[in-house]
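Residue numbering for the sequence shown follows the numbering used here, starting at 838 and increasing by one per position.
Each residue gets a CB set at the ideal place from its N, CA and C atoms; glycine is no exception.
Encoded as structure tokens, the structure appears first; notes follow it.
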Amino acid sequence: MISLLDRAFRTIGKFSFATMIGMGLVAGDTLAQQATPSPGSAKAVFGAVTLPTQGSPQSIGFYAKGCLAGAVALPADGPTWQAMRLSRNRRWGRPEMIGLLERLSRDAARNDGWPGLLVGDISQPRGGPMVNGHASHQIGLDADVWLTPMPRRKMTADEREALPFTSMLAKDKFLTINDKVWTPAHARLLMRAASYPEVERIFVNPAIKKKMCETWTGDRTNLGKLRPEYGHDSHFHIRLSCPTGSVGCTGQAPVAAGDGCDKPLAWWFGPEPWAKPKPSTKPPVKPREVMVSDLPKACQAIVAAPSVASARAATFGAKAADAEAETDALPVSGPVSGDTPPGQIPQQ
């Protein structure tokens, strides 16, 4: 692996670091700025729905082309997690996803020296395309987790809107981890998330994958689940498999065997991912907006289905008020940097 990556670095030395970094490695909300969708488009329709449907959970379609019925919400606060960017109303998902996030937050606090998760976007109340920020996250089986540790106090709603992302990348080097912000606890958190059988993939920046390949000395069985992808330098993206018996949910091909630390990783450090597209002789065609009719047929019925009575009624597990009243944090096993605050189209 090292020889392949060294060769790749020599190749990219001919290119401008600033240009390549600007082609997809900008972290956080900057990637979310997109044109306002037209009225009636799938983004506009699903983005306007504020509550999920009644009934049992059902993921319809593919991660990047589908919708969600019977979603539940991650409580805004728990003993080992806090939901971020609450105004987006994107803390909805299948019970399997919400349960996984709560479990990961507890396990990482008990065993990995990680004080708690800051959870970003999961899905909208009925899934579907988002107005900005993501191509996937449409069926309740994707979730973003910040690489910033949770502070030891409950943040206000305003703080959750304004807290900046922290990139793991060095600013003046191409695809290189900043060792002043990266800690062993980050690595333990990622491998903890990858250890759960229901987790199919975890998208991370190529530099993070490289760091894990070079430094992880524990069990490498699940290292192949960490998939390099543009962005993802300030958060990681968890993707679950379609749950057993989930009719209508379209999965993707399993992750290839191995730890993914050889040719698949070296490709990201060569010129191909960063090459400018070849000029076309044809005039550019403006992409057509996705309409609800372009999604699986069942999504039209999900848009029109009756809503639950309230967000509180559809909050996962204990009532939101009970979860937010919980003050006894679980012990942590070691220090983590950044205790006090100062995620693209993943298809691999």
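Reducing DSSP to helix, strand and coil, say where residue i ends up.
i: D981; result: strand
i: S942; result: helix
i: H1023; result: helix
i: D1159; result: Residue placement at D1159 cannot be trusted, given a pLDDT of 48 that sits under 50; the coordinates are not used to answer.
i: V1140; result: helix
i: Q870; result: Per-residue confidence for Q870 stands at a pLDDT of 48, beneath the threshold of 50, marking its modelled position as unreliable; the derived number appears in the next sentence. Reduced to three states, the DSSP call for Q870 is coil.
i: K827; result: The chain is shown only over 838 to 1185; residue 827 falls outside these bounds and no answer can be derived.
i: R1076; result: strand
i: G1061; result: helix
i: I897; result: strand
i: M860; result: Note that M860 scores a pLDDT of 38, beneath 50, so its modelled location is shaky; the value from the coordinates is reported in the next line. M860 falls in the coil class under three-state DSSP.
i: R928; result: strand
i: D1131; result: helix
i: W1104; result: helix
i: V882; result: helix
i: L911; result: coil
i: T1152; result: strand
i: W918; result: strand
i: T890; result: strand
i: G1068; result: coil
i: T1164; result: Confidence in T1164 is poor, its pLDDT being 34 and thus under 50, which makes the residue's placement unreliable; the coordinate value appears in the next sentence. If DSSP states are grouped into helix, strand and coil, T1164 belongs with coil.
i: G903; result: strand
i: G865; result: Its pLDDT being 41, under 50, G865 is placed unreliably by the model, and nothing is read from it.
Pull up the CB-CB distance for residue i and residue j, whole angstroms please, since I reckon it's below 8 Å.
i: A906; j: T887; result: No, A906 and T887 are not in contact; Cβ-Cβ is about 15 Å, not under 8 Å.
i: V882; j: V1129; result: 6 Å
i: W918; j: L937; result: The pair is not a contact, with the Cβ atoms about 12 Å apart (cut-off 8 Å).
i: A1135; j: I976; result: In fact, because the Cβ distance is near 11 Å, the residues do not count as touching under 8 Å.
i: S878; j: V1140; result: Actually they do not touch by this definition, with Cβ atoms about 12 Å apart.
i: V1041; j: P1065; result: 7 Å
i: I959; j: L911; result: 7 Å
i: A1151; j: A872; result: Actually they do not touch by this definition, with Cβ atoms about 31 Å apart.
i: T1013; j: S1071; result: That belief does not hold up - the Cβ atoms of T1013 and S1071 are roughly 15 Å apart, past 8 Å.
i: L978; j: L1060; result: Not really, about 21 Å apart at Cβ, beyond 8 Å.
i: L923; j: R997; result: 6 Å
i: P1189; j: F1153; result: Residue numbering for the chain in the displayed model covers 838 to 1185; residue 1189 lies beyond these limits and cannot be assessed.
Of all the options the options, which has the alpha carbon lying nearest to the alpha carbon of residue i?
i: G950; options: R1025, A1044, W1105; result: R1025
i: F1011; options: T1052, G1107, D979; result: G1107
i: A1090; options: H1072, A1044, C1079; result: C1079
i: G953; options: S960, R940, I959; result: R940
i: M921; options: A1151, N948, V956; result: V956
i: P894; options: K902, G884, W929, A885; result: W929
i: L1006; options: P874, A1030, L1102, T1020; result: T1020
i: L1132; options: K880, D1099, A1148; result: K880
i: W1050; options: W983, R927, A980, A1103; result: For clarity, residue 1050 is Cys in the given sequence; the question names Trp instead. The candidate whose alpha carbon is nearest that of C1050 is A1103.
i: D1096; options: M1028, A945, P932, A1148; result: M1028
i: H1074; options: D1056, V982, E933, V1145; result: V982
i: A901; options: A946, W1111, S973; result: S973
i: R947; options: L923, K1046, T1058, P916; result: P916
i: P986; options: S942, C1098, K1113; result: S942
i: A1146; options: G892, A885, P876, H1069; result: G892
i: H1069; options: R1057, K1046, N926; result: K1046
i: G1055; options: A1031, A1044, P1043; result: A1031
i: K1008; options: A1044, G903, A1094; result: A1044
i: R1057; options: T1081, A1022, A1094; result: A1094
i: R925; options: G903, I935, G884; result: G884
i: P874; options: R1125, A1138, P1101, A1142; result: R1125
i: W1053; options: A945, C1098, N1015, G1082; result: C1098
i: W1111; options: Y1067, P1101, Q1137; result: Y1067
i: A1022; options: S1144, K1048, A945, E1109; result: A945
i: R1149; options: F899, A913, C904; result: A913
Measure from the C-beta of residue i to each C-beta in chain D and report whether the shortest distance is under 7 Å.
i: A1138; result: Absent here is chain D; the protein component of the structure consists of one chain.
Inside the region 983-1044 only - beta strand (DSSP E) runs reaching at least 3 residues: Fully enclosed beta strand (DSSP E) runs of 3 or longer: 1036-1041.
Stretch pair the region 1113-1122 + the region 1080-1094: three plus CB contacts closer than 8 Å: The region 1113-1122 vs the region 1080-1094: no contact.
At least three beta-carbon pairs within less than 8 Å, the region 986-998 to the region 966-976: No: the two stretches stay apart, fewer than three of their Cβ pairs being nearer than 8 Å.
Segment contact flag, the region 1031-1040 with the region 956-964, C-beta cutoff 8 Å, min 3 pairs: No, the region 1031-1040 does not touch the region 956-964.
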